[in-house]
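Everything on this sheet refers to the single structure shown next.
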Amino acid sequence: MSPALPPALRAALEDLAGRFPGRDLAAASRRLTEDYKAGRGSRLPSPVDVAAYATARMPATYAACASALAQARERTDAMPHTLLDIGCGPGTAAWAVTEAFPELGAVTLIDAHPGMIALGRDLARSGPPALVAADWRRGGFADVTAAADIVIASYALNEVIPAEAARTAARLYGLAGQLLVLVEPGTPNGFAGLAAARSALVSAGARIAAPCPGESTCPAIAPDWCHFSVRLPRLRAHKAAKGADVPFEDEPFSYLVVAKPGVAVTPAGARILRPPRTGKAGTDFALCTPRGALGTTVPSRDRETHRLTRRLGWGDAFPLSPEDQP
Ligand SMILES: C[S@@+](CC[C@H](N)C(=O)[O-])C[C@H]1O[C@@H](n2cnc3c(N)ncnc32)[C@H](O)[C@@H]1O
């Protein structure tokens, strides 16, 4: 699944950016970055702040969702027809789910921020039929009761207090018929919420479809944290707001794809935790395996394994089965 925005959403965002003076959008974008770095969440008091969120952050959170959903497709046999996007903001994750699962019918989006909902509705007019007909509701994590085949929360779980992350995830898992997908910033804090959620869900009998190679104890111990990175093209409006020349950006993210009983799961034998390092003797991989985190080197002279692994990167599944791993 491509990390680039669907053309209709890209066009709608460029159009949105054109409705505000560039200077105001750039100032709002800076406020957003400061709030994000200070862990203050999405306050977004005015329409220009909401527009700045959409133009500056939606492409990156979309790309992170697309990466997680590609794993949901690859690692499970789920066939969701209904979606709940909670903490939906302008509907970013719902756009990604409709790309990943085009057979999706009913879509429900819930957020506490009325400005986000208004913008999301507006953007969704140019989307696929399921988004055009979507049900947008104002509400919160605490009182959500809308069940769906797939429940997704993108960059939102970290906005509830950390102590609540596990309980909130357990509630969302209860609402999911097939899959729960959680996507968070690839920061120590973003990962901490997911790690707490993962422990609670595994204790409740959930299967982890990705990125983990199963349900064994997570080997990431602070200051280490499990995260990945996706490269995406920048919008023209985003380049202008950031004063950036580079046509792409790299978004760090952490995620969990959780399956309900009845959904078949094929977890990766192992997951590549960092960019592989290639030297003369071979390529070093840092792996998460069912037996914990470990490093392995594929010697260049091992032609067959080298052929199987030479194109693999950070976040990919490592093709060797657990028995073949060192
Ligand atoms: C960083 S934005 C993410 C938006 C969108 N999911 C995305 O990926 O682009 C976080 C969203 O969570 C919403 N939010 C924060 N706390 C919430 C709560 N307790 N209940 C519902 N929504 C909440 C905010 O209003 C905001 O729209």
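Numbering (the working numbering), first residue to last: 69 to 394. Beta carbons are placed, not taken as given, at the ideal position from N, Cα and C, and that holds for glycine.
Leaving aside the five residues before and after Gly-207 along the sequence, list all residues of the same chain whose C-beta is less than 8 Å from its C-beta, in chain order. Hits under 8 Å: Ile-178, Asp-179 and Ala-180.
Nonlocal neighbours in the same chain, by C-beta distance under 7 Å from Asp-370, ignoring five residues either side: Cβ neighbours of Asp-370 beyond the five flanking positions: none.
Three Cβ pairs or more, each shorter than 8 Å: is that satisfied between the segment 204-221 and the segment 82-100? Counting Cβ pairs under 8 Å, fewer than three are found: no touch.
DSSP three-state label for Asp-203, please. Of the three classes helix, strand and coil, the one that applies to Asp-203 here is strand, per DSSP.
Does the CB of Ser-114 have a neighbour CB from chain C at under 8 Å? Within the model displayed, chain C is absent; a lone protein chain is all it includes.
Output yes or no for whether 8 Å exceeds the beta carbon distance between Ala-265 and Ala-288. Not a contact, by the Cβ cut-off of 8 Å.
How about Arg-239: is its Cβ closer than 7 Å to a heavy atom in ligand 1? Checking every heavy atom of ligand 1 against the Cβ of Arg-239, none is found closer than 7 Å.
Could you check the C-alpha separation between Leu-187 and Val-118 for me, to the nearest Å? Distance between the alpha carbons of Leu-187 and Val-118: 8 Å.
Could you tell me which uninterrupted beta strand (DSSP E) segments, each at least 3 residues in length, are contained entirely in the segment 245-307, listed from first to last along the chain? If we require 3 residues or more, the beta strand (DSSP E) runs fully inside the segment 245-307 come out as 275-278 and 296-301.
With 16 other Cβ atoms within 10 Å as the buried cut-off, status of Ala-234: By the neighbour-count definition (other C-beta atoms within 10 Å, threshold 16), Ala-234 is a buried residue.
Just to confirm, does Ser-135 get its C-beta within under 7 Å of one of the non-hydrogen atoms of ligand 1? Ser-135: no, Cβ never under 7 Å from ligand 1.
Taking any heavy atom of ligand 1 as the mark, which residues have a C-beta closer than 5 Å to it, listed down the chain? The filter returns Ser-110, Thr-129, Gly-155, Gly-157, Thr-160, Asp-179, Ala-180, His-181, Met-184, Gly-208, Phe-209, Ser-222, Tyr-223, Ala-224 and Glu-227, in chain order.
Cross-strand partners of Ser-222 (DSSP beta bridge): Answer is Val-251, bridged to Ser-222.
Environment of Val-331 [buried if 16+ CB atoms lie within 10 Å]: Buried, because 16 or more other Cβ atoms sit within 10 Å of the Cβ of Val-331.
Check whether the segment 140-155 touches the segment 294-305, counting contact only when three or more Cβ pairs, one atom from each stretch, lie closer than 8 Å. Result no; under three Cβ-Cβ pairs closer than 8 Å.
Measure the alpha-carbon distance for Ala-85 versus Ala-124 and round it to whole angstroms. Distance from the CA of Ala-85 to the CA of Ala-124, rounded to the nearest whole angstrom, comes to 10 Å.
I'd like to check one pair, Arg-342 with Ala-354: are the Cβ atoms closer than 8 Å? It is a contact, given that the beta carbons lie within the stated cut-off.
Distance, Cα to Cα, Phe-386 vs Cys-280? Roughly 12 Å between the two C-alpha positions.
Spatial neighbours of Leu-73 within its chain, please: C-beta separation below 6 Å, excluding the five flanking residues on both sides. Counting only Cβ-Cβ distances below 6 Å, and skipping sequence neighbours, we find Pro-127 and Tyr-130.
Helix, strand or coil: how does DSSP classify Val-331 here? Coil.
Helix, strand or coil, according to DSSP, for Glu-82 in the structure here? Helix at Glu-82.
So what does DSSP say about Ala-119, is it helix, strand or coil? In this structure, DSSP gives Ala-119 a helical state, which the three-state scheme calls helix.
At the level of alpha carbons, what is the spacing between Ala-290 and Leu-262? If you take the alpha carbons of Ala-290 and Leu-262, they lie about 13 Å apart.
What are the start and end residues of the alpha helix (DSSP H) that includes Ile-178? That residue, Ile-178, is in no alpha helix (DSSP H); its beta strand (DSSP E) goes 174-179.
Thr-334 classed as buried or exposed, judged by whether at least 16 other C-beta atoms fall within 10 angstroms: That one is exposed.
Compute the distance between the beta-carbons of Val-228 and Cys-133, then report whether it is under 8 Å. Taking 8 Å as the Cβ cut-off, Val-228 and Cys-133 do not qualify as a contacting pair.
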